[in-house]
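Residues -4 to 31 in my numbering are what the sequence shown spells out, letter by letter.
Worksheet for the structure shown next.
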Amino acid sequence: MIYAGYRASKYLMGSIAKSLVFAFIITGKQEKKAVD
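Structural data, given as structure tokens:
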């Protein structure tokens, strides 16, 4: 039970990290376009 919760939280943290990186890349591209 504890192990399952650990895996779920680890997966959740990983998906949050991926979405943060994805959002950072998108905003970075938009900023580059604005500069150009």
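Idealized CB from N, CA, C, for every residue including glycine.
*Inter-residue spacing [alpha-carbon to alpha-carbon] between Met8 and Phe17*: 14 Å
*Do you know offhand how far Ala(-1)'s Cα is from Leu15's?*
Straight-line spacing of the CA atoms in Ala(-1) and Leu15 works out to 24 Å.
*asked:* Only counting the same chain, and skipping five residues up and downstream in sequence, which positions put a Cβ closer than 6 Å to that of Glu26?
replied: none
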